[in-house]
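Residues 0 to 396 in numbering that gives the first Met the number 0 are what the sequence shown lists, from first letter to last. Worksheet: one structure, shown below.
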Amino acid sequence: MEKEIILAKYGELALKGLNRGTFEDIMMKNIRRRLRRIGKFTYKKAQSTIYILPESEDIDLDETVDCLRKVFGIASLCRACTCEKSFNDISAKSMEYLEDVLLGAKTFKVEAKRADKQFPMTSPQICAELGGILLDKYPNLKVDVKNPEVTVVVEIRDEYAYIHGGSIKGAGGLPVGSSGKALLLLSGGIDSPVAGYRMARRGVHISAIHYISPPYTSDRALLKVEKLCQKMTDYCGSIAFFCVPFTEIQEAIKKYCPEEYFTIIMRRLMMEIAQKIAEQDECSALITGESIGQVASQTMQGLVCTDAVSRIPVFRPLIGLDKTEIVETAREIDTFETSTLPYEDCCTVFTPRHPKVRPALKDVEEAQNKFDFSVLIEKAVAETEMKIFKFSDNMDF
Ligand code: ATP
Ligand code: MG
């Protein structure tokens, strides 16, 4: 059997102009980092494609493809067989390489892409010739150009020709690290991991911040968030995780502020702390999992009150999504099950019986000014602990 190769094709990246090289370099670095665990590969980039060639036979290509499907910037992936650029070799190899699928199918078509215009046959000629040969060899097959079970793709490229049975959808987006760094407010819920995933997909490198309120929140609750963070590294690469002790602040809110404003004040103080950590960690923006109207603090007026304390942009990639859509993505990225484990979040500590649904900013400010939180904020920031989660760290939970 001929050596198999993986072709990783760019999406949006191919449209980039002068700075395309920078995007490519970041993506290549991300790919190398992911695949290091699997084995040794040789890499080449040409014609909006990264060619990934395994250096030894024992490399598991299914696992390699699974891993690459989580690398942002790759629009599609093909596992292909390399051939000489002669029609004889192409037809011989396509029968050898795709024999099993061709034997098991009823309909097929051939698709040819000719990046090398010097190749003596045109694309329609390749399709017609190879289609005829395959029909002769496999009596079980019929041609169906509209909806074939198998598409035999022949790609004539610079050095070699490649044959494969169609491409697999990649993660799309832009390579992580190509759009700067932002700090994700990561709770143990369903929404915030999805928000982080969405921004990472736009090339943003993610750090995460989480607020804990022991003894009201348990070690298990923190462990659950750490597990979510670890799961996110599959897509996001390494994540610096900041854990903020929030108990004293919450107790002070309860003691000094009017109950109906508890949640909104708590959220404003979370934002204050997040900005300080963002500054230390060189993050240019914050990310939250808020979606308009989902809960009392996520009304437009509520968001106005939380935004008022923020001096850097707050990205809310889920703002216009329904819960069902968010859940769908959470399942896709495998965070849903962990997110729905029943541990308490600090947001559920001291929740007001009747939260203000449409708080006015000046009332919130007045309620918050009943106590000077600045010393407690500085203390929480000083006592924040950081750890790094890396792709391929295996956490045992
Ligand atoms: P999620 O499912 O992400 O927890 P939610 O619908 O439960 O969101 P809230 O609890 O109001 O909504 O939280 C809104 C956002 O605030 C979250 O998406 C997250 O970004 C942030 N957040 C909430 N609790 C915490 C926490 N303990 N630590 C860090 N961020 C938090
Ligand atoms: Mg929550």
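For each residue, glycine too, the CB sits at the ideal point set by N, CA and C. Since we're looking at a predicted model, the values are computed, not measured.
Quick one: grab the DSSP three-state call for Y234. DSSP places Y234 in helix when its eight states are reduced to three.
By the 10 Å Cβ neighbour count, where 16 or more other Cβ atoms means buried, how is M385 classified, buried or exposed? So M385 ends up on the exposed side.
With 16 other Cβ atoms within 10 Å as the buried cut-off, status of K145: K145 is exposed by the Cβ-count criterion.
Rounded C-alpha distance that separates F372 from R32: C-alpha of F372 to C-alpha of R32: approximately 43 angstroms in a straight line.
Enumerated in chain order, which unbroken segments of the beta strand (DSSP E) with a length of 3 residues or greater are wholly contained in the segment 60 to 144? When DSSP assignments are scanned along the segment 60 to 144, the uninterrupted stretches of beta strand (DSSP E) that are 3 or more residues long and fall wholly within it turn out to be 73 to 82, 106 to 113.
For the alpha helix (DSSP H) containing K378, name the first residue and the last one. Note, K378: alpha helix (DSSP H), 373 to 381.
Let me know the secondary structure DSSP gives K369 once reduced to three states. Collapsing the DSSP output to three states places K369 in coil.
Alpha-carbon spacing of C77 relative to T106, whole angstroms: The alpha-carbon atoms of C77 and T106 are separated by roughly 20 angstroms.
Which residues does DSSP list as the beta-bridge partners of H163? Paired residues: V152.
Local conformation of I245 per DSSP, three classes: The displayed chain sequence assigns Phe, not Ile, to residue 245. In the structure shown, F245 sits in coil (DSSP, three-state: anything other than H, G, I, E or B).
Is there contact between the segment 168 to 176 and the segment 2 to 13, where contact requires at least three CB pairs shorter than 8 angstroms? Three or more Cβ pairs drawn from the segment 168 to 176 and the segment 2 to 13 lie within less than 8 angstroms of each other, which places the two stretches in contact.
Selected residue, minimal CA-CA separation from E453, among K69, Q46, E258: Because the chain in this structure spans residues 0 to 396, residue 453 falls outside the shown range and cannot be described.
Helix, strand or coil: which one does DSSP assign to K180? If DSSP states are grouped into helix, strand and coil, K180 belongs with the strands.
When the distance is taken between beta carbons, is C66 closer than 8 angstroms to Y210? Cβ distance not < 8 angstroms, so Y210 and C66 don't count as in contact.
Using a Cβ-based criterion (distance less than 7 angstroms to any ligand heavy atom), does E331 qualify as near the ligand ATP? At a threshold of 7 angstroms, E331 does not count as near the ligand ATP, since its beta carbon sits no closer than that to any of the ligand's heavy atoms.
So does H353 have its beta carbon nearer than 7 angstroms to some heavy atom of the ligand ATP? The beta carbon of H353 sits no closer than 7 angstroms to any heavy atom of the ligand ATP.
Alpha-carbon spacing of K253 relative to F349, whole angstroms: The alpha-carbon atoms of K253 and F349 are separated by roughly 7 angstroms.
Quick one: is the Cβ of E289 within less than 7 angstroms of any heavy atom of the ligand ATP? With a cut-off of 7 angstroms, the C-beta of E289 is classified as near the ligand ATP, since at least one heavy atom of the ligand falls inside that distance.
Hey, how far is the Cα of E98 from the Cα of I25? Computed Cα separation, rounded: 37 angstroms.
Which partner residues does K8 have in the DSSP bridge list? Residue pairing by DSSP places K8 opposite T48, S75 in a beta bridge.
Drop a sphere of 10 angstroms on the beta-carbon of D395, count the other beta-carbons inside from all chains shown, and report buried for 16 or more, exposed for fewer. Its pLDDT being 48, under 50, D395 is placed unreliably in this model, and the value from its coordinates should be taken loosely. D395 counts as exposed, since fewer than 16 other C-beta atoms from the protein chains shown sit within 10 angstroms of its C-beta.
Between C304 and the ligand ATP, is the CB less than 7 angstroms from at least one heavy atom? C304 has its Cβ no nearer than 7 angstroms to any heavy atom of the ligand ATP.
Return yes when at least one heavy atom of the ligand ATP lies under 7 angstroms from the C-beta of C228, else no. No; taking the cut-off as 7 angstroms, the Cβ of C228 has no heavy atom of the ligand ATP nearer than that.
Mind reading off the beta-carbon distance from K15 to T81? Whole number of angstroms is fine, and I expect it under 8 angstroms. With 8 angstroms as the limit, K15 and T81 do not qualify as a contact, their Cβ atoms being about 28 angstroms apart.
For the structure I just gave you, are there three or more beta carbon pairs, one from the segment 140 to 157 and one from the segment 198 to 216, closer than 8 angstroms? The segment 140 to 157 is not in contact with the segment 198 to 216.
Inter-stretch contact at 8 angstroms, needing at least 3 Cβ pairs: the segment 360 to 376 / the segment 316 to 328: With a cut-off of 8 angstroms, the segment 316 to 328 and the segment 360 to 376 do not count as touching, because too few Cβ pairs lie within range.
Checking 8 angstroms against the spacing of the C-beta atoms, do F261 and P351 come in under that value? With a cutoff of 8 angstroms on beta-carbon distance, F261 and P351 are scored as near each other.
Closer than 7 angstroms: is that where the CB of G301 sits relative to any heavy atom of the ligand ATP? Because no heavy atom of the ligand ATP lies under 7 angstroms away, the Cβ of G301 does not count as near it: no.
Helix, strand or coil: how does DSSP classify I211 here? Note: I211 maps to strand in three-state DSSP.
Exposure of A359, with buried meaning 16 or more beta-carbon neighbours within 10 Å: Exposed is the call here.
Since L302 is in the alpha helix (DSSP H), which residue starts that stretch and which ends it? For L302, the enclosing alpha helix (DSSP H) starts and ends at 299 to 306.
Helix, strand or coil: how does DSSP classify R266 here? In the three-state reduction of the DSSP assignment, R266 falls in the helix class, which pools H, G and I.
Among G165, V152, T347, I311, which residue has its Cα nearest to the Cα of T216? It is T347.
Should the segment 131 to 148 be called in touch with the segment 46 to 66, which here means at least 3 C-beta pairs below 8 angstroms? Output reads no: the segment 46 to 66 does not touch the segment 131 to 148.
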